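In what follows, a single structure is set out as structure tokens and then discussed.
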Amino acid sequence: MDKPKKNTITIKINGDSRPYKEELKKEIPKKETVPLDSATSAEIEQAAALETGEESFDWILPELEPEAPKEYIIKEATDTASIYPKPAKSSKPSRQSFKFNTISLKPLVIPIIFAILIGVTFGTGMLKMLGSGDVLEEVGSPIKPVAGTSKKDPKTSDKKAAFTLLPLSTFAVQEGVYTKKDSAESKKDELVSKGIPAAVLDMDGKAMMLVGVADSLEKAKEVGAAMKAKGIEIYAKEVALPEKDAGKLSEQEAAFLKESPALYNSLSGAASAGISGGSPDETAKQALAQLKKTDSSKFKNENVKKLYNGLLSAATLLSSTPDEAGSIKAQQHLLDFLVSYQSF
Numbered sequence: 001m002d003k004p005k006k007n008t009i010t011i012k013i014n015g016d017s018r019p020y021k022e023e024l025k026k027e028i029p030k031k032e033t034v035p036l037d038s039a040t041s042a043e044i045e046q047a048a049a050l051e052t053g054e055e056s057f058d059w060i061l062p063e064l065e066p067e068a069p070k071e072y073i074i075k076e077a078t079d080t081a082s083i084y085p086k087p088a089k090s091s092k093p094s095r096q097s098f099k100f101n102t103i104s105l106k107p108l109v110i111p112i113i114f115a116i117l118i119g120v121t122f123g124t125g126m127l128k129m130l131g132s133g134d135v136l137e138e139v140g141s142p143i144k145p146v147a148g149t150s151k152k153d154p155k156t157s158d159k160k161a162a163f164t165l166l167p168l169s170t171f172a173v174q175e176g177v178y179t180k181k182d183s184a185e186s187k188k189d190e191l192v193s194k195g196i197p198a199a200v201l202d203m204d205g206k207a208m209m210l211v212g213v214a215d216s217l218e219k220a221k222e223v224g225a226a227m228k229a230k231g232i233e234i235y236a237k238e239v240a241l242p243e244k245d246a247g248k249l250s251e252q253e254a255a256f257l258k259e260s261p262a263l264y265n266s267l268s269g270a271a272s273a274g275i276s277g278g279s280p281d282e283t284a285k286q287a288l289a290q291l292k293k294t295d296s297s298k299f300k301n302e303n304v305k306k307l308y309n310g311l312l313s314a315a316t317l318l319s320s321t322p323d324e325a326g327s328i329k330a331q332q333h334l335l336d337f338l339v340s341y342q343s344f
């Protein structure tokens, strides 16, 4: 905007606009000085009234347009702190807000406590009702396990427990008794090389040489007669192995050891029958089927594995080769079974 050159004051006198300076010079006559003491008060009032009447005028001021505000662009400081930093907000809540939150939570405390108490009481009652119902149902209708379909928990089956090896009695053919075990072992190797089954057992601190087994004393004598024909002296007798601590075994291992004496007796009878002219196949097949039901892959104890493998080999030979040659080989596996059973 262009600024006016001069700020003039326009004065209207009797409707005519005239410059203030000119009118002041032209219109206003010079007043005569009247002495104060010569003029009366009435004259002074009249003169003042006339003067105000002549000098009445309207004041008209020019309208000035306001200057447009100037725009200033202030760039924010990036590398330095701002000119007027904002006061840091305190992390602590104000006292007023704390009072407000505390007051707003007070009405909720009592309903929450009552809700918790009611929930706990109701839940306890339901648990008592369900617990008593399960006990009554279990007592009233016990579950009967179906044979052959029972499933064992793998965790419980892996647990080991102490087991006592059962006593075992058998009828054996004795070749002789040696005071030194080394002498008995060398004699055993000599007999085995001739095709005669042999094993050394400890008996009262001595080494007893056995060359055959049977399920009765009469059959043991028949087996001894066959061995005597091979050029050795024999003596039929009963041999008893006492019970002993077998240590901690798994459930599968303990179950097999409980059945092993009966399986041995049946196989020793079948082996003696094959030598004396009988038929061992039926008894051997039954023992073999029973052994195959046992899951030997779960056996961890080496002595248990030896006992199982000895009975399995004897049953397999008597089932597949039910003659004298097969029975003599089966006798060797049964004698090895006795050695492992005694040294368990």
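Mapping the sequence shown onto the working numbering, position 135 (from 1) lands on 135, and the numbers just tick up by one.
All C-beta atoms in this analysis are idealised placements derived from N, C-alpha and C, irrespective of residue type, glycine included.
Note that the coordinates shown come from a computational prediction; the quantities given were computed from them, not determined experimentally.
Exercise. Quick one: what does DSSP say K244 is sitting in, helix, strand or coil?
Worked result: For the purposes of this step, residue 244 is identified with residue 244 of the sequence shown, where counting begins at 1. In the structure shown, K244 sits in a strand (DSSP, three-state: E or B).
Exercise. From which residue to which residue does the alpha helix (DSSP H) around G274 run?
Worked result: Residue 274 sits at position 274 when you count from the first residue of the sequence shown. Looking at the DSSP string, the run of the alpha helix (DSSP H) that includes G274 is E251 to I275.
For this session: State the start and end residues of the unbroken alpha helix (DSSP H) segment that holds K329.
Result: Sequence index remark: in the sequence shown, residue 329 carries index 329 (1-based). Here the alpha helix (DSSP H) through K329 covers E324 to Q342.
Exercise. From E238 to A207, what distance separates their C-alpha atoms?
Worked result: The sequence position of residue 238 within the sequence shown is 238, counting from 1. The sequence position of residue 207 within the sequence shown is 207, counting from 1. For E238 and A207, the distance between alpha carbons rounds to 16 Å.
Exercise. Is DSSP giving T164 helix, strand or coil here?
Worked result: Here residue 164 refers to the residue found at position 164 when the sequence shown is read from its first residue. Looking at T164 - three-state DSSP - the assignment turns out to be strand.
For this session: Spatial neighbours of K219 within its chain, please: CB distance less than 6 Å, with the 5 preceding and 5 following residues excluded, ordered by chain position.
Result: Counted from its first residue, the sequence shown places residue 219 at position 219. The answer, listed in chain order, is S272.
For this session: List the endpoints of the continuous alpha helix (DSSP H) containing A289.
Result: Within the sequence shown, numbered from 1, the residue matching residue 289 stands at position 289. Taken as a continuous stretch (DSSP letters only), the alpha helix (DSSP H) holding A289 covers D281 to K292.
Problem set entry | Per DSSP, the bridge partner or partners of K206 | Mapped onto the sequence shown, residue 206 falls at position 206. K206 is bridged to M203.
Exercise. Below 8 Å, can you find three or more Cβ-Cβ pairs linking the segment 248 to 259 to the segment 314 to 322?
Worked result: no
Problem set entry | Nearest candidate by alpha-carbon position, reference G247, set I232, D182 and A161 | If you number the sequence shown from 1, residue 247 lands on position 247. In terms of Cα proximity to G247, the closest of I232, D182 and A161 is A161.
For this session: Give me the Cβ distance between S266 and T283, rounded to the nearest whole Å; I'm assuming they're in contact under 8 Å.
Result: Stepping through the sequence shown from its first residue, residue 266 is reached at position 266. Stepping through the sequence shown from its first residue, residue 283 is reached at position 283. Contact holds; Cβ gap of about 6 Å.
For this session: Using DSSP bridges, identify the partner residues of A172.
Result: Here residue 172 corresponds to residue number 172 of the sequence shown, with the count starting at 1. Answer is V213 and K237.
Problem set entry | Identified DSSP bridge partners for V177 | Taking the first residue of the sequence shown as position 1, residue 177 is located at position 177. BP columns for V177 point to M208.
Problem set entry | Identity of the residue in F337, G274 and Q332 nearest S193 by Cα | Stepping through the sequence shown from its first residue, residue 193 is reached at position 193. Nearest option by C-alpha distance: Q332.
For this session: Compute the beta-carbon to beta-carbon distance between E232 and I196, rounded to the nearest angstrom, for a pair I have assumed lies under 8 Å.
Result: Stepping through the sequence shown from its first residue, residue 232 is reached at position 232. Stepping through the sequence shown from its first residue, residue 196 is reached at position 196. According to the sequence as given, residue 232 is Ile; it is not Glu. Rounded, the Cβ-Cβ distance is 7 Å, consistent with contact.
Exercise. Any idea if G345 is buried or exposed, counting beta-carbon neighbours within 10 angstroms, 16 or more meaning buried?
Worked result: One cannot answer for residue 345 here, as it falls past the ends of the chain, which runs 1 to 344.
Problem set entry | Alpha carbon of L335 to alpha carbon of A262, nearest angstrom | As a working note, residue 335 is residue 335 in the sequence shown. As a working note, residue 262 is residue 262 in the sequence shown. Near 15 Å, if we compare the C-alpha coordinates of A262 and L335.
Exercise. On the three-state DSSP scale, how would you describe D295?
Worked result: On the sequence shown, residue 295 is found 295 positions in, with the first residue counted as 1. Looking at D295 - three-state DSSP - the assignment turns out to be coil, as it is neither helix nor strand.
For this session: Have a look at K159 and A229 and give me their C-alpha separation to the nearest angstrom.
Result: Start at 1 with the first residue of the sequence shown, and residue 159 comes out as number 159. Start at 1 with the first residue of the sequence shown, and residue 229 comes out as number 229. Those two C-alpha atoms are separated by around 51 Å.
For this session: Give the range of the alpha helix (DSSP H) segment to which N309 is assigned.
Result: Translated into positions along the sequence shown, residue 309 becomes position 309. It spans E302 to S320 - the alpha helix (DSSP H) in which N309 sits, taken as one unbroken run.
For this session: Would you tell me roughly how many angstroms separate the C-alpha atoms of F122 and I113, rounded to the nearest one?
Result: Residue 122 sits at position 122 when you count from the first residue of the sequence shown. Residue 113 sits at position 113 when you count from the first residue of the sequence shown. Looking at the two C-alpha atoms, the distance is approximately 14 Å.
For this session: Buried or exposed for M209, please, with buried defined as at least 16 other CB atoms from any protein chain shown within 10 angstroms of its CB.
Result: Counting from one through the sequence shown, the residue named residue 209 turns up at place 209. It counts as buried.
For this session: Can you tell me which of the three DSSP states P107 falls into?
Result: Taking the sequence shown and counting its residues from 1, the one referred to as residue 107 is at position 107. Note: P107 maps to helix in three-state DSSP.
Exercise. Should M227 be labelled buried (16 or more other beta-carbon atoms within 10 Å of its own) or exposed?
Worked result: Position 227 of the sequence shown holds residue 227. Buried.
Problem set entry | Three-state secondary structure assigned by DSSP to I196 | Here residue 196 corresponds to residue number 196 of the sequence shown, with the count starting at 1. It is coil, neither helix nor strand.
Exercise. What number of angstroms, rounded off, separates the C-alpha of K285 from the C-alpha of S319?
Worked result: To locate residue 285, count along the sequence shown from 1; it is residue 285. To locate residue 319, count along the sequence shown from 1; it is residue 319. Taking the straight line joining both Cα atoms gives about 6 Å.
Exercise. With a CB to CB cut of under 8 Å and the five nearest residues on each side skipped, what residues in its chain are close to P322?
Worked result: Looking up residue 322 in the sequence shown gives position 322. Around P322: G274, S279, P280, D281 and A284.
Problem set entry | N180, buried or exposed, once every other Cβ within 10 Å from all chains shown has been counted against 16 | Numbered from 1 along the sequence shown, position 180 holds the residue referred to as residue 180. In the sequence as presented, Asn is not what sits at residue 180; that position holds Lys. Under this definition K180 is an exposed residue.
Exercise. Considering only C-alpha positions, which residue in the set F171, S297 and D182 is nearest to Q252?
Worked result: Translated into positions along the sequence shown, residue 252 becomes position 252. If we check each option's Cα against that of Q252, S297 comes out closest.
Exercise. Nearest-angstrom Cα distance between P107 and G119?
Worked result: As a working note, residue 107 is residue 107 in the sequence shown. As a working note, residue 119 is residue 119 in the sequence shown. When rounded, the distance between both Cα atoms is 20 Å.
Problem set entry | Check whether F337 and N303 have beta carbons under 7 Å apart | Here the question's residue 337 lines up with position 337 in the sequence shown. Here the question's residue 303 lines up with position 303 in the sequence shown. Their beta carbons are not under 7 Å apart, which means F337 does not touch N303 by this criterion.
Problem set entry | Distance, Q342 Cα to A147 Cα | Residue numbering aside, residue 147 sits at position 147 when the sequence shown is read from its first letter. Residue numbering aside, residue 342 sits at position 342 when the sequence shown is read from its first letter. With a pLDDT of 42 at A147, under the threshold of 50, the modelled position of that residue is not reliable, and the figure given next carries that caveat. Distance between the alpha carbons of A147 and Q342 is about 34 Å.
For this session: Answer with buried or exposed for S224, where buried requires no fewer than 16 other C-beta atoms within 10 angstroms of its C-beta.
Result: Locating residue 224 in the sequence shown gives position 224, counting from the first residue. For the sequence presented, residue 224 should be read as Gly rather than Ser. Per the 10 Å Cβ criterion, buried.
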